[in-house]
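**Q** Residue numbers 1 to 253, in full-length UniProt numbering, belong to the letters of the sequence shown in order. Ideal placement from N, C-alpha and C gives every residue a C-beta, glycine not left out. This structure is a prediction, so every number in the text was calculated from the model and none was measured.
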Amino acid sequence: MLVAERQQKIVGLVNERKSIRVTELSQIFSVTEETIRRDLEKLEGEKKLSRSHGGAISISPTDSLEIPYTEREIMNVKEKKEIALEAVKHVNEGDKIILDASTTAWYMAKAMRDKPITVLTNSIKVAMELSQKKQITVISTGGTLLSKSLSYVGPLAESSLDTYHVNKAFISCKGLHMENGISESNEEQSRLKKMMIDRADLIYIMLDHTKFGVQAFSRINNLNVIDHIITDSKVDDQTVQQLTDRSIPLIKV
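1) Beta-carbon within less than 7 Å of V11's beta-carbon, same chain only, minus the 5 sequence neighbours each way: which residues are those?
2) Would N186 be called buried (16 or more neighbouring beta carbons within 10 Å of its own) or exposed?
3) When we look at the beta-carbon of R113 and count the other beta-carbons within 10 Å, is it buried (16 or more) or exposed?
4) Thinking C-alpha only, which one of I171, L161, E93 is nearest W106?
5) Is the Cβ-Cβ distance between D100 and S123 less than 8 Å?
6) Nearest to L2 by alpha carbon, out of S30, I20, R51, I136?
7) Does DSSP put G181 in a helix, a strand or coil?
8) Specify, as a first and last residue, the run of the beta strand (DSSP E) that E250 falls within.
9) Just the C-alpha distance for L150 and C173, rounded to the nearest angstrom, thanks.
10) CA-CA distance, V138 and A127?
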C-alpha cells in the first residue's frame, strides 16, 4: 500500500470513529507504531486530524463527516469486493432489491450478472453501472444530489422510496454498535437508509471489520431489523460471539 493511500485511509477511519489509537492503526495497516506516529504528525500538519495522547481525533464538524466517494473507493477495497461478491449470490432472478449509495453496492452492481431483476437505488454510480445490463430494470430515486457520495437524498428521494416494496435491501453503514445499533455519518443518509429498511422484506448489512464497534453521528436503526450481516474474515471473535448471542446470522468471506 502506498504511503499516501494509507494516510488517506487513516483520515477516513479517524473521521468515522471520531478517535482511534496508534496501536489499533498499527494493527490495521500492518506497520510499526512509529510509522503511524509519523503519518499522524504529517496529517496534523495538513490540518486533516488532531493528535492526542496515544492516538488521533477527528477535527471534522459532525455535519460534514461523510467521506467523499473518491476517497471511499480506495478504502478496504479487497474486503469490499469480497463482501460484494458474496452479496450477489443472494440475488435471485425475479428479485426486486434496493442498493444504497455505498462503494460496496457499486461493487455489487459491477459483479451482478445480467438477469431479470429490478434494482431501486439512490446511487448515480450504481444506476450507471447497471444501465449496461439489458435485463436489469433500474429505478433511480431522484432527489437532492450529494456530490460527496454521488447519491440522492431529501424529500423527493424519500417520497420515491415510499412508493415501492422490495424483497431485499443491501445496505452499508458507517458503524455497527452492539448497544446503539447501526448508524451513518449524516442525518439525510441515515433517514433514507431507515426507509430502505422499512421497504424491504430481508435486510442485508454489508460492512468490513473496521465498522464494528463504531457509533457514527446519526442512528439508523436497532440491530434487530437485520436479517444477515456480510463481512470480511478479519472480524474478531468477540464480535462474532456477540452477534451469535443476538441470533443475527453472520456471513464471513
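**A** Taking the geometry as given:
1) For the purposes of this step, residue 11 is taken as residue 11 along the sequence shown, with counting starting at 1. Sequence-distant partners of V11 (beyond 5 residues in either direction) whose C-beta falls short of 7 Å from its own C-beta, in its chain, are L43, K48, L49.
2) Taking the sequence shown and counting its residues from 1, one reaches residue 186 at position 186. When all chains shown are included, N186 counts as buried.
3) Taking the first residue of the sequence shown as 1, we reach residue 113 at position 113. Classification of R113: exposed, given that the 10 Å Cβ count is below 16.
4) Stepping through the sequence shown from its first residue, residue 106 is reached at position 106. Of the candidates I171, L161, E93, the one whose C-alpha sits nearest the C-alpha of W106 is I171.
5) Sequence index remark: in the sequence shown, residue 100 carries index 100 (1-based). Sequence index remark: in the sequence shown, residue 123 carries index 123 (1-based). Contact: yes.
6) As a first step, residue 2 is located in the sequence shown; it is residue number 2 there, counting from the start. Closest by alpha carbon: S30.
7) To locate residue 181, count along the sequence shown from 1; it is residue 181. Residue state, collapsed to three classes: strand.
8) Within the sequence shown, the letter at position 250 stands for residue 250. Correcting the residue type first, residue 250 is Leu in the shown sequence and not Glu. Going by DSSP, L250 is part of the beta strand (DSSP E) stretching over 250-252.
9) Here residue 150 corresponds to residue number 150 of the sequence shown, with the count starting at 1. Here residue 173 corresponds to residue number 173 of the sequence shown, with the count starting at 1. In a straight line, the C-alpha of L150 is about 16 Å away from that of C173.
10) For this step, residue 138 is matched to residue 138 along the sequence shown. For this step, residue 127 is matched to residue 127 along the sequence shown. Pairing V138 with A127, the inter-Cα distance amounts to about 6 Å.
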